[in-house]
Amino acid sequence: MDKRDVILDVLEGQKPPYVPWQFSFTHEAAQKLSAHFGSTDLDTLVGNHYAGFGSGVGFFEDLGNDHLRDGFGVVWDRSVDKDIGVVADPPLKEASLQGYAFPDPLAPHFFEGMAAGVRREQERFRIFSIGFSLWERAWTLRGGIDKLMMDLYDAPDFVDDLLTTITDYNITQAQQAMQYDIDAVYFGDDWGMQKGLQMGLRLWRQFIYPQLRRMYGAVKAEGKYVFIHSCGDVDELFDLLIEIGLDCFNPFQPEVMDVAALLRQYRGRLAFHGGLSTQQTLPYGTVEEVRAETRRLLALGREGGFILSPAHAVEGDVPLENMLAFIEEAQGQL
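Everything in the sequence shown is counted per our numbering, starting at -11 for the first residue and increasing by one.
Given below as structure tokens:
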């Protein structure tokens, strides 16, 4: 039984032979691990179960002085946040699409090497990622969540046009990706805060939900799985998301969700990927505390519906020993 088969068991509500895992690391954390292992091939070294294609955050042009421009024309400042950065100059300074042209969703760099990669990765579960897939893409284009929040009230027609155009872009790209032998499309977006939704349920249903239904429907029509990422307290959305085709939710943050209760409630209907605290346990816990929490999550996931992972890409403040602890516990199942 290969790693792809184990993930399929989880997604189909079956009891897997062990709890699969998928670990990701920010730039600083990856440097620590690479130095320890003497290799940058972390996917192989940690035994990850996914093979990733596409781009979680996009492709960037280096402008110098820690500033980069993404494919949508947004300029980012990475002087502090080295992984994504903060928006320094957005293209949509007003609530209007007039004069703005979206990039090509079929640009070759999104699919470069994908055919060979898919053939090489037959043993792992193959996922095409579209990062900043809707709400996040919209607010980065506008230059901040605060501006887009005001647009929800002051310029709702513009918001509808913007989100519809972003969705059209994503569907076009996903349909091209699904011409390859992949298993799932992963949409990255953040709707939550530590308590509740950023925009509230009423506005989420009005603006976000119809576009998600279109995107997820396009993926399900091709017989592929739908994965999403949304940080924060968003479990009030799970039933709605399941109705429109969601198969796996990430990051499953223990600070804002009852991991054990939600696993029991949704097992067989929705799989979860995450669960290991990146706010408390990993940066501040002892090695034994990390091991104990990892073992607890593995025990919760033995009946299925769970893919072990830190609740976010591991940050640079996590000690190397703590990273090695959860990696070793996961690998120790085999």
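The beta carbon of each residue, even a glycine, is placed where N, CA and C say it ideally should be.
None of the values given here were measured: they were computed from a predicted structure.
Residue j beta carbon less than 8 Å from that of residue i
i	j	result
D221	Q167	no
I315	F116	no
R202	T160	no
R66	L51	no
V45	L296	no
W123	W64	no
F215	L258	no
Other residues of its chain near residue i: CB distance less than 8 Å, five sequence neighbours each side excluded
i	result
L33	L21, F25 and S27
Cβ distance (whole Å) where residue i is taken to contact residue j below 8 Å
i	j	result
R255	E224	Not a contact, Cβ separation roughly 19 Å.
D149	L85	6 Å
P91	F60	6 Å
Residues bridged to residue i [DSSP beta-bridge criterion]
i	result
N238	H217
A76	Answer by DSSP bridge pairing: none, since A76 is not bridged.
F120	F120 pairs with nothing; no bridge assigned.
S297	G263
I115	G40 and A172
R57	E49 and V63
F13	V302
L185	G180
Buried or exposed by the 16-neighbour rule on C-beta atoms within 10 Å, applied to residue i
i	result
M138	exposed
H15	exposed
M(-11)	exposed
N53	exposed
A104	exposed
R(-8)	buried
L136	buried
V68	exposed
Cβ neighbours of residue i in the same chain (closer than 6 Å, five flanking residues each side left out)
i	result
K208	G233
F260	F237, F240 and F294
T282	F314 and E317
Sequence-distant residues of the same chain with beta carbon closer than 7 Å to residue i, five excluded per side
i	result
G40	I115 and S117
A248	L288
V306	A17, L270 and P271
Y88	P79 and L80
The ligand FAD heavy atom lying under 7 Å from the CB of residue i
i	result
V173	What this structure holds is no ligand at all, so the ligand FAD is not there to describe.
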